Every structure is written in C-alpha cells, then in structure tokens.
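Numbering (our numbering), first residue to last: 312 to 497. Backbone N, C-alpha and C define an ideal beta-carbon position, used for all residues, glycine too. Source: prediction; values computed, not measured. See structure below.
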Amino acid sequence: MNFKETLEKVLDEISSILSGVTDESVESLALKILGAERIFLFAMGRSGLAIKAFAMRLMHLGLKVHVVGEISTPSIGEGDLLIVGTGSGETPSVVLNCRKARELGAEIAAITASIESSVGRLSGLVIIIPTKTLKVPGREGISSIQPMGNLFEQSLLILTDIVVMRLMEKLGMDSKEMFKNHANLE
Numbered sequence: 312m313n314f315k316e317t318l319e320k321v322l323d324e325i326s327s328i329l330s331g332v333t334d335e336s337v338e339s340l341a342l343k344i345l346g347a348e349r350i351f352l353f354a355m356g357r358s359g360l361a362i363k364a365f366a367m368r369l370m371h372l373g374l375k376v377h378v379v380g381e382i383s384t385p386s387i388g389e390g391d392l393l394i395v396g397t398g399s400g401e402t403p404s405v406v407l408n409c410r411k412a413r414e415l416g417a418e419i420a421a422i423t424a425s426i427e428s429s430v431g432r433l434s435g436l437v438i439i440i441p442t443k444t445l446k447v448p449g450r451e452g453i454s455s456i457q458p459m460g461n462l463f464e465q466s467l468l469i470l471t472d473i474v475v476m477r478l479m480e481k482l483g484m485d486s487k488e489m490f491k492n493h494a495n496l497e
C-alpha cells in the first residue's frame with residue numbers, strides 16, 4: 312500500500328471507531344470535568360502521552376489539572392475527578408489508581424475499549440472506544456491495519472480534543488483566550 316492508501320485506511324478506522332461514541336457520553340464527561348474541584352489524569356505508555364496532551368488543554372482552559380505520577384501532584388479526594396485511559400482496562404497501575412481514588416471518594420471516568428474490564432467496573436462514567444486489544448485476546452471490537460494499540464491511542468487523543476472543544480463552548484473560551492495560559496517559560 313502506498314502512503315495515500317494507508318492514510319485513507321487509517322483515517323477511516325479512526326472515523327469508524329469514534330462514530331460509535333455518543334454525544335451524551337462526551338457531554339457527561341464535560342459536565343463531570345466542570346463539576347470537579349480538581350481533575351487528575353492517568354494512563355500508561357502511548358495512552359499516557361494522549362492523556363498528558365488532554366491535561367495540557369484542560370490547563371489551558373484554566374482548570375485545576377494534575378497528571379498522576381508527576382512530582383507536584385497533590386493527594387486526590389472527595390470532589391475530585393480521576394480520568395483514565397486504558398485500551399484493555401486491565402493495566403495494573405491504572406486499576407490500582409482507580410481503586411485508590413474510589414476509596415478516597417473521588418469520581419472516576421474511564422476511556423477504554425471494554426466496559427466489562429476492571430477499570431470499567433470501577434468507573435462511574437465509561438466512554439468506550441471499541442478497538443480490539445492484544446492484552447485481552449478474543450475481545451470484540453474493530454480490528455486495525457495499524458500496529459498494536461495505535462487505533463485506541465489515536466482515537467483517545469482525538470476524542471479528548473473534541474471534549475476540550477465542548478468545554479471551550481461551555482466556558483465561552485476561544486484559542487486566543489486559552490493561549491493566555493500557555494507556557495511562557497520554554
């Protein structure tokens with residue numbers, strides 16, 4: 312396959328996956344974010360990179376955001392929201408952090424490929440990106456021509472960018488306003 316053929320297939324995969332996400336679930340996540348005292352985000356690997364990009368945009372919106380595992384991350388508690396991303400829903404560190412956050416009274420929102428996963432069961436809100444995953448063989452979902460978890464990770468990034476756009480509308484902010492919160496020590 313040449314570049315353009317591959318590009319078309321990859322974009323079709325992402326569009327197909329994300330077309331299954333409901334407007335109601337995006338709205339629910341946006342409302343949970345706006346209702347939280349503080350937002351904590353966590354994921355591992357390439358999903359972790361997408362979650363960190365989401366954290367950055369939430370900070371640009373002026374929200375109180377922390378990435379779990381960073382040296383300056385405070386303790387989580389009641390009134391806080393933990394947002395996690397995990398294709399399998401079984402990544403051990405993600406499961407452990409969800410359990411701990413739940414014990415401490417925080418709400419949990421998960422973006423995963425499986426509602427039946429450990430993370431899915433621990434979360435009050437679950438947004439499904441229905442991809443197949445190598446970590447859980449036999450799971451139903453859309454297959455990809457791409458390697459490993461690419462389709463989930465790319466879809467996670469685009470989905471969270473769309474959530475940011477919804478939040479921009481709700482907060483009456485545009486990119487110019489958000490840019491005021493952009494890092495000025497680079």
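What residue does the beta strand (DSSP E) around residue i start on, and which one ends it?
i: ILE394; result: 392-397
i: LEU345; result: Segment 334-346 is the alpha helix (DSSP H) holding LEU345; no beta strand (DSSP E) there.
i: LEU436; result: 436-439
i: THR423; result: 418-423
i: VAL376; result: 376-378
Indicate whether residue i and residue j have their beta-carbon atoms separated by less than 8 Å.
i: ASN461; j: SER454; result: no
i: SER466; j: ILE426; result: no
i: ALA364; j: LEU392; result: no
i: THR442; j: ILE328; result: yes
i: LEU482; j: LEU372; result: yes
i: LYS375; j: ARG349; result: yes
i: LEU468; j: VAL332; result: no
So, for residue i: in the same chain, excluding its five sequence neighbours on each side, which residues have a beta-carbon less than 8 Å away from its beta-carbon?
i: GLY431; result: GLY400, ALA421, THR423, SER425, VAL437
i: VAL378; result: PHE351, LEU352, PHE353, ILE362, LYS363, ALA366, THR384
i: GLU324; result: ILE453, SER455, ILE456, GLN457, LEU462
i: LEU433; result: VAL406, CYS409, ARG410, ARG413, ILE419, ALA421
Let's see if you can read the secondary structure: which residues bound the alpha helix (DSSP H) around residue i?
i: ALA366; result: 356-371
i: VAL405; result: 403-414
i: VAL474; result: 461-482
i: GLU316; result: 314-329
i: GLU488; result: 486-490
i: SER428; result: Unbroken run through SER428: none, as it is neither H nor E.
Might you give, ordered along the chain, the residues of its own chain that have their beta carbon closer than 7 Å to the beta carbon of residue i, omitting 5 neighbours on each side?
i: GLY473; result: In the sequence on display, residue 473 carries Ile and not Gly. Here the set comprises VAL337.
i: LYS320; result: ILE456
For the putative contact between residue i and residue j, defined by C-beta atoms under 8 Å, what is the C-beta separation to the nearest angstrom?
i: VAL405; j: MET355; result: 6 Å
i: ARG357; j: GLU464; result: 4 Å
i: ALA347; j: GLY390; result: 7 Å
i: ASN492; j: MET370; result: 6 Å
i: LEU415; j: ILE387; result: 6 Å
i: ILE394; j: LEU478; result: With a Cβ gap of about 12 Å, ILE394 and LEU478 do not count as contacting.
Beta-carbon of residue i versus every beta-carbon of chain D: anything under 8 Å?
i: PHE365; result: Considering every chain present, this structure includes no chain D. It has just one protein chain.
Looking only at its own chain, which residues have a Cβ that is under 6 Å from the Cβ of residue i, when we skip the five neighbours before and after it?
i: THR402; result: MET355
i: GLY398; result: ALA424, THR444, GLY460, PHE463
i: SER339; result: LEU436
Taking only heavy atoms of the ligand FAD into account, decide whether any of them is closer than 7 Å to the Cβ of residue i.
i: ASN492; result: The ligand FAD is not among the ligands present in this structure, which contains no ligands whatsoever.
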